[in-house]
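Heads up: the sequence shown is residues 209 to 407, going by our numbering.
Glycine included, each C-beta is placed from N, C-alpha and C at the ideal position.
What you are looking at is a predicted structure, and each value in this text was computed from that prediction instead of being measured.
Report on one structure; see the data block that follows.
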Amino acid sequence: MIKLKYKCMKCGKCCFEIPGNSGTKRIPLYPEEVIMMIQIAKERDLNFMVMEDLVFPDLINHKILVLTYRIILDKENQCCPFYEKEIGCSIHDIKPLACQSYPLSLQQLDAFRFEISIDPLCKFVKNYYDDLKKSKPEILKKIFSMEYPKAEIFFRKNKKIQFEIRKLEAENKIQIPREINLQSYNKYLKEWEREELIV
209 MIKLKYKCMK CGKCCFEIPG NSGTKRIPLY PEEVIMMIQI AKERDLNFMV
259 MEDLVFPDLI NHKILVLTYR IILDKENQCC PFYEKEIGCS IHDIKPLACQ
309 SYPLSLQQLD AFRFEISIDP LCKFVKNYYD DLKKSKPEIL KKIFSMEYPK
359 AEIFFRKNKK IQFEIRKLEA ENKIQIPREI NLQSYNKYLK EWEREELIV
């Protein structure tokens with residue numbers, strides 16, 4: 209196998225909506241990332257908007273816990289407002305964690321094993337797909353030497369959020385329903401205040 213080293217080709221696949229799959233390009237942002245990006249957008253006079261992404265109703269406090277947001281893509285181009293055709297990501301050095309780990313994501317298979325998922329839409333991945341498909345995790349970690357540590361951080365942060373929710377539930381500070389009907393859920397979304405969960 210040729211010696212590979214991932215390099216962003218600035219194609220923007222990670223920044224655009226997938227054609228024919230409206231709403232499938234989901235760039236998750238943590239609340240603290242949203243604050244930073246709003247500030248940058250103001251400085252650059254960009255139209256930057258987000259919507260709630262991962263939310264849970266808290267039955268004790270009658271609040272909606274907001275864990276993540278997602279970027280509302282630019283209507284005209286269906287892309288992230290920070291994407292520029294000439295340079296790619298215009299906030300590359302400070303982009304959100306989900307973007308820093310792209311095209312990788314980690315998924316836990318069981319208590320001891322993880323799987324490295326690679327987005328097949330990425331131009332680099334497309335160009336070297338056969339080689340990447342045959343590569344063992346240790347090799348993938350070297351090929352994606354900058355992205356893999358970020359994917360680990362992203363994975364651990366999501367785990368921390370899960371543990372924080374469980375801890376708050378065990379302390380009877382919040383109550384997240386395990387089952388909820390759509391009518392109640394929509395009512396809560398409409399009527400309850402929001403509270404961001406930051407870990």
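C-alpha of Val274 to C-alpha of Val333: approximately 33 Å in a straight line. Burial is judged here by how many other beta carbons sit within 10 angstroms of a residue's own beta carbon; Phe362 has at least 16 and is buried. In the three-state reduction of the DSSP assignment, Arg402 falls in the strand class.
In the DSSP assignment, Pro265 is bridged to Ile272. When DSSP reads this structure, Val258 sits in a beta bridge with Ile279. Judged by DSSP in its simplified three-state form, Tyr336 adopts coil rather than helix or strand.
DSSP, read as helix, strand or coil, puts Glu294 in coil. Counting along the chain, no alpha helix (DSSP H) covers Ile388, and no H or E run does either. For Phe322, the uninterrupted beta strand (DSSP E) run begins and ends at Phe322 to Ile326, by DSSP.
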